[in-house]
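Chains as they are written, first to last, in the UniProt record's numbering: chain V, 1 to 320; chain S, 1 to 320.
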């Protein structure tokens with residue numbers, strides 16, 4: 001399932017409004033030697049082929065008697081764009097299907113599992129469901145909250161500044177952190193900045209990573225004043241209307257970041273920190289909190305590591 | 001030597017103007033079984049007895065043929081307060097002395113090592129010298145730069161704030177981080193705050209840790225305006241005049257912290273970070289940097305860990 005989850009990441013940011021799914025098909029070894037991967041798939045750009053269809057096509061006859069690991073319940077509905085994956089798995093003769101998460105889509109929701117079992121296939125569910133939920137956060141947030149999953153990125157000094165008092169901001173973080181931030185861009189359908197960042201930096205918001213140059217997301221400006229060349233929204237609440245955007249990356253500045261936090265739309269924090277002190281421009285404008293109790297208990301650290309001499313930390317909204 | 005360095009920490013902040021030293025005496029085991037600790041010592045408050053004297057007293061006859069590990073070269077000068085440790089080690093019949101760091105005091109500086117060797121004792125030097133330098137940073141900074149070693153403490157939110165916009169600052173960090181910060185206080189001869197912190201918090205600056213209540217450091221106020229009950233200095237440069245202070249902890253606020261950084265007197269950063277976002281009062285006032293190049297390369301991360309849901313990071317000035 002770990003391999004299937006890794007494959008699902010390849011599709012993140014490219015499949016909206018469909019989920020990004022990963023699938024691995026393994027032919028069991030005769031002895032207890034672990035098995036042999038015969039097919040690997042992930043949801044293709046735009047949503048089709050599905051991960052299972054791609055993995056089954058790769059496996060061919062080798063799918064017979066094999067185990068399919070998939071991060072989401074196989075779909076039970078036919079579409080003009082392809083057959084139901086449930087039927088394809090049955091037709092291919094797989095012996096077992098291991099599923100991380102049930103599909104909330106009412107056209108599938110349990111029916112995929114039911115039909116596989118009715119066909120005599122051994123089905124195991126809820127394997128690494130939390131990781132799958134994180135992996136498909138865009139799809140699930142859009143479905144459950146009718147808006148994109150929002151990541152707020154901040155690249156700051158140790159004292160939380162994004163620029164010197166004189167406005168200089170290039171560069172706070174080093175090349176490894178900046179490359180990481182560009183790869184993160186490629187995992188989102190859209191990036192949003194505020195009017196202040198536009199004026200200060202005129203940001204390209206492209207993906208300057210070899211091999212990912214064509215993955216630049218849509219650019220959204222948070223502003224009520226029209227700006228040529230930019231898609232715009234007037235307030236954080238309008239993100240619900242961004243069709244085709246299941247993952248939104250808010251890159252700043254301080255006012256835009258604060259407005260998304262005040263509206264409680266931020267699901268994930270991506271904090272890059274350079275080992276410098278600035279005493280300059282802060283990364284976050286006033287959140288208007290009345291007391292500290294309302295600040296605590298909102299964020300859980302899920303990842304932290306070094307990128308050169310910088311640090312990256314990932315926090316997620318604490319469910320509550 | 002690790003054990004000797006740990007013992008030396010017990011004396012930190014209590015021995016100025018003398019170094020805080022640790023000493024362990026080990027009687028070698030007949031087989032290669034590691035040996036047996038027969039004496040442990042650390043510099044006593046005020047500077048005497050020395051670590052070696054305490055360890056030798058504990059070992060008694062068991063010091064004969066043993067190895068003494070000491071974080072600083074044993075002193076070569078007699079004083080009205082006690083004999084030279086070099087002579088005591090020779091008299092006790094130790095076979096070997098392992099030393100982390102040479103003593104820069106001209107009354108010893110190599111003469112301790114020379115006399116031990118002249119007495120036929122096997123002397124090994126430069127064992128964990130970097131750790132010993134860190135351990136005796138107060139003594140060495142006072143000697144080399146004629147001022148105390150300065151630690152700047154900041155307890156902030158993830159976005160670098162020390163309070164809400166309305167001034168509320170209790171509490172940003174949790175009980176484990178606050179206890180850690182109180183133990184840190186006990187390792188300094190003095191704590192300094194600025195006028196703004198005095199007005200906002202009227203801080204006690206005591207050590208609220210069971211068993212350490214009597215270790216409250218001297219309280220220094222950075223202000224030119226007289227304030228009853230406070231020892232005062234008018235500018236960071238005046239720290240040189242703080243007799244008996246080899247370790248100074250600067251606890252804020254934003255202006256005091258910035259003034260010490262601008263004067264380039266901060267040797268160590270102690271950063272406590274709570275997993276909250278505030279968009280409130282920042283922890284550091286303007287440092288007046290003209291460009292980002294002058295911010296980079298100054299701080300090296302030497303320790304990072306969790307204290308409950310908070311993080312602590314320790315940075316040290318990069319030697320240059």
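Glycine residues also receive a C-beta, built at the ideal position from the N, C-alpha and C atoms. Given the structure is predicted, the values throughout are model-derived calculations rather than measurements.
Contact of residue 278 of chain V with chain S is assigned, a C-beta pair being separated by under 7 Å. Residue 131 of chain S and residue 72 of chain S have their C-alpha atoms roughly 11 Å apart. For residue 287 of chain V, the chain S residues whose Cβ falls inside 7 Å of its Cβ are 277, 278 and 279, in order along the chain. Contacts with chain S at 7 Å (Cβ-Cβ) include residue 283 of chain V. Taking the C-beta atoms as reference points, residue 89 of chain S is found no nearer than 7 Å to residue 129 of chain S. With contact defined as three or more Cβ pairs closer than 8 Å, the region 35-43 of chain V and the region 158-167 of chain V are not in contact. Listed in chain order, the non-local C-beta contacts of residue 301 of chain V below 7 Å within the same chain comprise 313 and 315, local neighbours out to five positions each way being set aside. For residue 22 of chain V, the uninterrupted beta strand (DSSP E) run begins and ends at 22-27, by DSSP.
A contact is defined here as three or more CB-CB pairs under 8 Å, and the region 151-160 of chain S meets this definition with respect to the region 264-284 of chain S. Look at the region 156-167 of chain S: the residues with a C-beta under 8 Å from a C-beta of chain V are 156, 157, 158, 159, 160, 161, 164, 165 and 166.
Assignment of residue 318 of chain S by DSSP, reduced to helix, strand and coil, places it in the coil class. By a beta-carbon distance limit of 8 Å, residue 193 of chain S contacts residue 252 of chain S. Their separation comes to about 6 Å. When Cβ pairs closer than 8 Å are counted between the two stretches, the region 280-296 of chain S is seen not to touch the region 212-232 of chain S, the count staying below three. For a cut-off of 8 Å, the C-beta gap from residue 247 of chain V to residue 148 of chain V is around 6 Å, short enough to register as a contact. Shown here for residue 63 of chain S: same chain residues with a beta carbon closer than 7 Å to its own, the five before and five after excluded, namely 25, 38, 39, 56, 92, 93 and 94 in chain order.
In the structure shown, residue 180 of chain S adopts helical secondary structure according to DSSP, grouped into three states. Ranking V:19, V:232 and V:185 by CA distance to the CA of residue 105 of chain V puts V:19 first. Restricting attention to V:126, V:133, V:75 and V:286, the CA atom closest to the CA of residue 111 of chain V is found in V:75. When DSSP reads this structure, residue 221 of chain S sits in a beta bridge with S:193 and S:232. In terms of CA proximity to residue 182 of chain V, V:214 leads the group V:200, V:115, V:103 and V:214. At a Cβ-Cβ threshold of 7 Å, residue 317 of chain S and residue 267 of chain S count as neighbours. No Cβ-Cβ contact shorter than 7 Å links residue 70 of chain V with residue 113 of chain V.
In the DSSP assignment, residue 122 of chain S falls within the beta strand (DSSP E) that extends over 122-124. The alpha carbon of residue 123 of chain V has as its nearest neighbour, out of V:173, V:156, V:86 and V:133, the alpha carbon of V:86. Under the Cβ criterion of 7 Å, residue 235 of chain S is not counted among the residues facing chain V. Straight across, the Cα-Cα distance linking residue 53 of chain S with residue 22 of chain S is about 11 Å. Per the coordinates, the alpha-carbon of residue 160 of chain S lies some 31 Å from the alpha-carbon of residue 12 of chain V. As the crow flies, the alpha-carbon of residue 305 of chain V is around 28 Å from that of residue 201 of chain V.
For residue 311 of chain S, same chain residues with a beta-carbon under 6 Å away, outside a window of 5 residues either side, are 273 in chain order. Put simply, the backbone Cα of residue 196 of chain V is about 8 Å away from that of residue 255 of chain V. Beta-bridge analysis with DSSP links residue 154 of chain V to V:271.
Boundaries of the alpha helix (DSSP H) harbouring residue 141 of chain S: 137-145, taken from the DSSP string. Contacts between residue 298 of chain S and chain V, judged by CB atoms closer than 9 Å, involve 275, 276 and 277 in chain order. Looking from the CA of residue 244 of chain V, the closest CA among V:79, V:203 and V:15 belongs to V:15.
Only 315 from the region 304-315 of chain S bring a Cβ to less than 7 Å from some Cβ of chain V. Under the DSSP assignment, residue 54 of chain V falls outside any beta strand (DSSP E), being part of the alpha helix (DSSP H) whose first and last residues are 51-59.
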